[in-house]
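Working notes, beginning with the structure itself.
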Amino acid sequence: MTPARTTRAQRLAMPLARHVVRDLAAEHGGCVRPVQLRRTDLHTGRTEQVLVPCGHTLATVCPSCADRNKHLRATQCREGWHLDTEPDITEDEPSDEQRMWIECRSQMQKQRDHAHAAGADTTELDELAADFDAEISRSGMRGNVLPARPERRHRSTRRRQDAPGLPRRAISPRTIGRTYTAPDGTTYRPSMFLTFTCDSYGTVGQGGSPANPAAYDYQRAARDAIHFAALFDRLIQNLRRFLGYDLQYFAVIEPQKRLAPHVHVAIRGTMSRSELRQVLAATYHQVWWPRTDTVRCEDASLPVWHEATGRYLDPASGEFLPAWDQALDAIGTEDEPLHTARFGSRFDAKGVLAGTPDSARCIGYLTKYLTKQLGDCHQATTAAQTSHADRLADALRYEPCAPTCANWLRYGIQPKNPREGMRPGRCTGKAHRREHLGYAGRRVLVSRKWSGKTLADHRTDRRAWLLETLGITEPDPAQYTWTPVKPGDPDHMPPAQRLLHVVADRQRWHTALTEARRRATEPAILSATGTAA
Ligand SMILES: [Zn+2]
Ligand SMILES: [Zn+2]
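4 is the number of the first residue of the sequence shown in this note's numbering; add one for each residue after it.
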């Protein structure tokens, strides 16, 4: 039968096969940009193509991987929130290999220090030591044998950053909160859900845009966003000192409608509102950076790179711009910090009990926007919201985001670690990009002893559960080698072909999982321990 003639409009309305495959892959929870790896069995020499999920956290890039990441975060949050025993984080005994690398490294250090004392060149020995350091990390040890090289200057750190208004208690290693026992013997270990916001920059309306844009303090909004992560760090330190135990948290940074960051925090343990208010009032983060009041180098007279010295010159005077350290040293004892970041005085706090619908709701709330960029959480729908976002982006454009920011050149200062081609207003730092709203840090901040597990550990748990449910024994990883497949390779699969495989694989898995579940529930009702992949 010949197909009926169609008009162009009718044909355009037909779904594009390519798009259907992608949508179907996503619908089945499959990765839409899988990475192709070649797996070689070392015993038989047989090779096989394996498609590995991309693991992206943004739904706009890969909805399935982003969703999986969000669920893992929810699991991580749930597992740590109401722990009633200390998480197990005892260190493993070092292996023979690890001991050997440490011994090699020790001998190298001794040789190097001898050479140094004798005035000899230690470059080669330093390089060797660095190689050993790399081996130490590769063999599965955390941290470095030596502390990072101390900062050359100590001046800025002498300034008080602690909170003198707070009582300080010795911090005990305990990480779990208090237990309350009712007369009937029931025990409660409540935890808390907290939200801290930035201060006000001016009155805003329902949609988050300012009532009077001219009076809205965009500069302070930009700086608070840039230093928000440091301020949050300070808050945790102060809370620990105040409470006297090693407080653990699972925090997510989100934007408010006015596009200022705020932070939702699940903490283990409780405290009263008045205690929180006291800690908040004493918490601030001072930024001891050079002043940026005067623009010294406009677009027409940009500093010139001097190749021989690796520094920037003032085009008018021909002199070197002050280096970052010099600019810091020039900050006098009478000077004010460039910026002091504080939280707003308003906060939300509520107690949450383990396993309650309330706790589930809070976890849903904490992870709700994780698959989106900060700047995409609230889409502008009015002209006022659009211009508000524009003005914030403008304020962030020339605001220095870090000591290494190219914007320092605009204020006649050489950024730390200068490179050729730096241009004010063109800094590639994340903070300046519109989708980040000034906040360049990580979206999810989890303290080390939260669940005692990393996200990778939680991923492994989930995989183990899946394999067990399907009755599959995982092959020994030492039996295989893995190599990435490159576009020129004969066995390379173009993206469209990979997607077809993903759809087929997911369907097969889904059927197997449904079957395994049916089998598991048939003889007796077993407890459901999780959800499908
Ligand atoms: Zn993916
Ligand atoms: Zn920057």
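Just so it is clear, CB atoms sit at the ideal spot from N, CA and C, and this is done for glycine as well.
Top-ranked residue by Cα proximity to residue i, from the options
i, options, result
"Asp202", "Leu324, Gly347 and Arg280", "Gly347"
"Asp492", "Pro306, Arg41 and Arg8", "Arg41"
"Asn72", "His513, Ala459 and Ala392", "Ala459"
"Leu572", "Val298, Glu438 and Leu469", "This structure cannot settle anything about residue 572, because the visible part of the chain is limited to 4 through 536."
"Arg294", "Val53, Ile416 and His85", "Ile416"
"Ile366", "Leu197, Thr343, Pro213 and His342", "Leu197"
"Leu305", "Thr297, Gln259, Tyr315 and Asp296", "Tyr315"
"Ala233", "Val266, Arg394, Thr88 and Ala20", "Val266"
"Gly455", "Met17, Asp87, Pro37 and Phe235", "Asp87"
"Val64", "Ala77, Thr43, Val35 and His74", "Val35"
"Tyr204", "Ala352, Arg345 and Leu131", "Arg345"
"Arg108", "Asp129, Pro97, Asp95 and Ala121", "Asp129"
"Val23", "Thr514, Glu525, Cys430 and Leu502", "Leu502"
"Lys433", "Gly424, Tyr414 and Ala409", "Ala409"
"Asp328", "Ala118, Pro406, Ala123 and Phe350", "Pro406"
"Arg394", "Leu356, Tyr219, Gln259 and Arg422", "Tyr219"
"Glu278", "Ala311, Arg244, Asp249 and Gln251", "Arg244"
"Asp215", "Gly247, Arg261 and Arg436", "The question names Asp, but residue 215 in the sequence shown is Asn. Checking every option, the nearest Cα to that of Asn215 belongs to Arg261."
"Phe253", "Arg349, Leu75 and Gly32", "Leu75"
"Asn241", "His117, Glu89, Leu356 and Gly168", "Gly168"
"Ala303", "Thr457, Tyr221, Gly313 and Pro318", "Pro318"
"Ala173", "Arg102, Glu127 and Leu250", "Leu250"
"Ile475", "Gln110, Trp512 and Ala352", "Trp512"
"Leu200", "Phe231, Tyr191, Gly188 and Pro176", "Note that residue 200 is Thr in the sequence shown, not Leu. Closest by alpha carbon: Phe231."
"Leu225", "Asp134, Glu402 and Thr190", "The sequence given here places Ala at residue 225; Leu does not occur at that position. Ranking the options by Cα distance to Ala225, first place goes to Glu402."
"Leu149", "Ala133, Arg276, Leu373 and Ala467", "Ala133"
"Arg422", "Gly313, Arg25 and Ser362", "Gly313"
"Thr43", "Thr486, Ala499, Glu518 and Thr524", "Thr486"
"Ser67", "Ala523, Thr514 and Val505", "Val505"
"Asp338", "Leu448, Trp292 and Ala121", "Trp292"
Inter-residue spacing [alpha-carbon to alpha-carbon] between residue i and residue j
i, j, result
"His157", "Thr60", "With a pLDDT of 46 at His157, under the threshold of 50, the modelled position of that residue is not reliable, and the figure given next carries that caveat. Cα-Cα distance, rounded: 39 Å."
"Leu516", "Thr50", "26 Å"
"Ala443", "Gly428", "16 Å"
"Leu470", "Ser194", "33 Å"
"Ala16", "Pro497", "26 Å"
"Val298", "Asp332", "20 Å"
"Val255", "Thr47", "47 Å"
"Ile270", "Gln79", "13 Å"
"Thr273", "Arg181", "8 Å"
"Arg465", "Gly58", "15 Å"
"Arg81", "Ala330", "47 Å"
"Leu131", "Lys419", "27 Å"
"Arg426", "Leu412", "7 Å"
"Pro153", "Ile139", "For Pro153, the predicted model reports a pLDDT of 47, less than 50, meaning its position is unreliable; a value from the coordinates is still stated below. If you take the alpha carbons of Pro153 and Ile139, they lie about 21 Å apart."
"Gln112", "Asn147", "13 Å"
"Gln52", "Leu19", "27 Å"
"Pro478", "Pro37", "22 Å"
"Gly33", "Val282", "46 Å"
"Asp95", "Asp397", "50 Å"
"Pro325", "Tyr183", "59 Å"
"Pro340", "Ala228", "17 Å"
"His31", "Arg509", "6 Å"
"Ala12", "Ala28", "27 Å"
"Ala499", "Arg21", "7 Å"
"Lys452", "Pro176", "10 Å"
"Ser98", "Trp104", "10 Å"
"Pro56", "Lys489", "16 Å"
Residue i - partner residues in DSSP beta bridges
i, result
"Met103", "According to DSSP, Met103 bridges with nothing at all."
"Leu40", "Val53 and Pro487"
"Gly354", "Met195"
"Ile256", "Val266"
"Thr343", "Gln289"
"Phe323", "Leu316"
"Cys408", "Answer is none; Cys408 lacks a bridge partner."
"Cys201", "Phe346"
"Ser175", "Tyr248"
"Trp308", "Tyr315"
"Pro213", "Val207"
"Leu448", "Ala254"
CB contact check: residue i to chain D, cutoff 7 Å
i, result
"Gln500", "No chain D is part of this structure, which consists of one protein chain only."
Counting by C-beta, which residues lie closer than 5 Å to a heavy atom of ligand 2, in chain order?
-> Taken from the N-terminal end onward, the list reads Cys404, Cys408, Cys430 and Gly432.
By C-beta, the residues closer than 5 Å to any heavy atom of ligand 1, given in chain order | Output, sorted by chain position: Cys34, Pro56, Cys57, Cys65 and Cys68.
Would you be able to state if there are at least three C-beta pairs under 8 Å between the segment 386–399 and the segment 208–228?
-> With the rule of 3 Cβ pairs closer than 8 Å, the segment 208–228 counts as touching the segment 386–399.
The segment 280–292 in contact with the segment 223–240 per 3-pair CB rule at 8 Å | The segment 280–292, when compared against the segment 223–240, does touch it at the 8 Å Cβ threshold.
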